[in-house]
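Colleague: Numbering (our numbering), first residue to last: 1 to 321. The beta-carbon is built from N, C-alpha and C at its ideal position, and this holds for glycine as well. Owing to the predicted nature of the structure, the values given are computational and were not obtained by experimental measurement.
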Amino acid sequence: MAKTAQEKLDAKAEKRYNKTHKRQYKLTPGDIVFNILNYTFFIVFTLCCLFPFYYLFINTISDNNLVSRGMVNFIPRGIHLSNYTNLVKSSEILQAFLVSIGRTLIGTALMVLASAFIGYVVTKQQMWHRKFWYRFLVITMYFNAGTIPWYLNMSMLGLTNNFMAYIIPGIVAPYNIILVKTYIESIPGELEESAFMDGAGYMTIFRHIIWPLCKPILATIAIFGAVGHWNSFTDSLILMQNAPQLYTLQHRLYLYLNTTTNLAALMQSGGGNLEGVMQSALNAKTIKYTISMVSIIPILLVYPFMQRYFEKGIMLGAVKG
Numbered sequence: 001m002a003k004t005a006q007e008k009l010d011a012k013a014e015k016r017y018n019k020t021h022k023r024q025y026k027l028t029p030g031d032i033v034f035n036i037l038n039y040t041f042f043i044v045f046t047l048c049c050l051f052p053f054y055y056l057f058i059n060t061i062s063d064n065n066l067v068s069r070g071m072v073n074f075i076p077r078g079i080h081l082s083n084y085t086n087l088v089k090s091s092e093i094l095q096a097f098l099v100s101i102g103r104t105l106i107g108t109a110l111m112v113l114a115s116a117f118i119g120y121v122v123t124k125q126q127m128w129h130r131k132f133w134y135r136f137l138v139i140t141m142y143f144n145a146g147t148i149p150w151y152l153n154m155s156m157l158g159l160t161n162n163f164m165a166y167i168i169p170g171i172v173a174p175y176n177i178i179l180v181k182t183y184i185e186s187i188p189g190e191l192e193e194s195a196f197m198d199g200a201g202y203m204t205i206f207r208h209i210i211w212p213l214c215k216p217i218l219a220t221i222a223i224f225g226a227v228g229h230w231n232s233f234t235d236s237l238i239l240m241q242n243a244p245q246l247y248t249l250q251h252r253l254y255l256y257l258n259t260t261t262n263l264a265a266l267m268q269s270g271g272g273n274l275e276g277v278m279q280s281a282l283n284a285k286t287i288k289y290t291i292s293m294v295s296i297i298p299i300l301l302v303y304p305f306m307q308r309y310f311e312k313g314i315m316l317g318a319v320k321g
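#1: Hey, Leu87 and Ser292: beta-carbon distance below 9 Å or not?
#2: What did DSSP end up calling Lys124 once you bin it into helix, strand or coil?
#3: Identify which residue in Thr140, Val67, Thr248, Met71 has its Cα closest to the Cα of Asn162.
#4: What first and last residue would you give for the alpha helix (DSSP H) that runs through Arg130?
#5: Using beta-carbon positions only, say whether Ile177 and Ala226 come within less than 9 Å of one another.
#6: Tell me the DSSP secondary structure of Gly107 in three-state form.
#7: So, using beta-carbon positions, are Lys181 and Val122 closer together than 9 Å?
#8: By how many angstroms is the C-alpha of Leu237 removed from the C-alpha of Lys215?
#9: Would you kindly work out how many angstroms separate the C-alpha atoms of Tyr303 and Gly70, rounded to a whole number?
#10: CA-CA distance, Ser295 and Tyr256?
#11: Evaluate contact between the region 180 to 196 and the region 209 to 224, counting only Cβ atoms and requiring at least three cross-stretch pairs below 8 Å.
#12: Taking 6 Å as the limit between beta carbons, can you name the residues of its chain near Tyr120, skipping five residues before and five after?
#13: Using only alpha-carbon positions, find the residue among Leu179, Ser232, Tyr84, Leu191 that is nearest to Tyr134.
#14: Report the CB separation of Ile223 from Val112 in whole angstroms; it is logged as a contact under 8 Å.
#15: Quick check: Thr43 and Ile106, are their CB atoms within less than 9 Å of each other?
#16: Throw me the rounded Cβ distance for the Pro174 and Leu218 pair, which I believe falls under 8 Å.
#17: Flag this pair as yes or no: are the beta carbons of Ser62 and Pro76 separated by less than 9 Å?
#18: In its own chain, which residues sit with a C-beta less than 6 Å from the C-beta of Ile79, not counting the 5 before and 5 after it?
#19: Just confirm the distance between the C-beta atoms of Thr290 and Asn83, as a whole number of angstroms; I'd bet it's less than 8 Å.
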């Protein structure tokens with residue numbers, strides 16, 4: 001009986017708590033209106049962000065004649081995948097895709113490795129002239145000689161029409177090194193001290209302690225580096241003038257964009273064979289859309305897997321100055 005009475009008291013207390021809790025958090029009409037407006041705004045904003053990708057995609061799988069006349073806006077019409085299959089068959093596009101993949105993977109890997117190691121080294125007080133070298137590294141973020149001196153320098157180093165021109169200049173990234181350095185300084189120093197007491201050297205500590213603990217910030221700078229390499233086309237445009245086999249995918253997209261613009265101008269002026277010009281413009285437009293979609297897909301696939309590291313890494317790496 002005592003147990004049953006206690007249970008009844010507990011049930012009454014819980015019921016009283018629930019009533020108080022519901023009364024405390026009861027939404028007012030103003031709260032309801034605010035929530036409706038808030039959710040509506042963010043839903044519309046999300047749709048506005050997603051629609052350009054959706055529009056691009058439906059135009060790559062729709063009938064090319066309808067696409068050229070601007071008749072595909074919301075729903076795909078005449079669905080086919082020939083644009084993608086033709087793109088795969090194109091040796092130029094396939095070569096450009098492989099170049100972009102190669103520079104992104106190699107350049108990002110070397111940049112992350114260099115940023116991690118240099119960021120670790122400049123945290124050591126024992127480093128020779130540590131303050132000078134760190135300030136010398138940081139000052140390069142604020143001064144740029146310009147495009148012409150940069151091109152002359154790359155030319156004298158033999159990096160024109162050379163794949164290594166995509167890799168070497170981006171290995172040392174001062175901003176990423178600062179992020180890694182700040183992150184490493186937030187790691188408790190006792191970990192390194194205990195490793196030193198056990199006889200470990202700097203490389204052993206870096207490989208077995210610092211590197212595993214730095215995964216969040218390394219994932220963050222990997223995103224920065226990968227996006228930068230994948231979207232870059234200026235270096236390809238300037239440095240690879242005599243090496244079309246080294247054009248990146250973004251460079252090819254730029255060329256097709258110019259082709260579409262030139263063909264459209266030719267059609268307006270009425271010059272040349274009109275039917276042939278229209279067919280060429282059609283092909284250039286659909287290829288431009290398809291390459292754009294292919295350029296977006298890799299980043300969209302990789303970014304969600306890195307997102308869980310991104311926020312943690314960038315916040316922890318920005319705690320100290």
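Modeller: Working from what's here:
#1: Against a cut-off of 9 Å, the Cβ pair of Ser292 and Leu87 comes out as no contact.
#2: Looking at Lys124 - three-state DSSP - the assignment turns out to be coil, as it is neither helix nor strand.
#3: The shortest CA-to-CA distance from Asn162 to any of Thr140, Val67, Thr248, Met71 is the one to Thr248.
#4: Where Arg130 is concerned, the enclosing alpha helix (DSSP H) stretches over 130 to 139.
#5: Their beta carbons are not under 9 Å apart, which means Ile177 does not touch Ala226 by this criterion.
#6: The answer is helix: DSSP assigns Gly107 an H, G or I state.
#7: In contact: Lys181 and Val122 (Cβ atoms closer than 9 Å).
#8: Rounded to the nearest angstrom, the two C-alpha atoms are 34 Å apart.
#9: Approximately 32 Å, taken between the alpha carbons.
#10: Rounded to the nearest angstrom, the two C-alpha atoms are 14 Å apart.
#11: These segments touch.
#12: Contacts found: Ile184, Phe206, Ile210.
#13: For the options Leu179, Ser232, Tyr84, Leu191, the alpha carbon positioned closest to that of Tyr134 is the one of Leu179.
#14: The Cβ separation is near 10 Å, so there is no contact.
#15: The question names Thr, but residue 43 in the sequence shown is Ile. In this structure, Ile43 keeps its C-beta atom at 9 Å or more from the C-beta atom of Ile106.
#16: Incorrect: roughly 16 Å between the Cβ atoms, too far for contact.
#17: If you check the CB distance, Ser62 and Pro76 come in under 9 Å.
#18: Counting only Cβ-Cβ distances below 6 Å, and skipping sequence neighbours, we find Ile61.
#19: About 4 Å separates the two Cβ atoms, so the contact holds.
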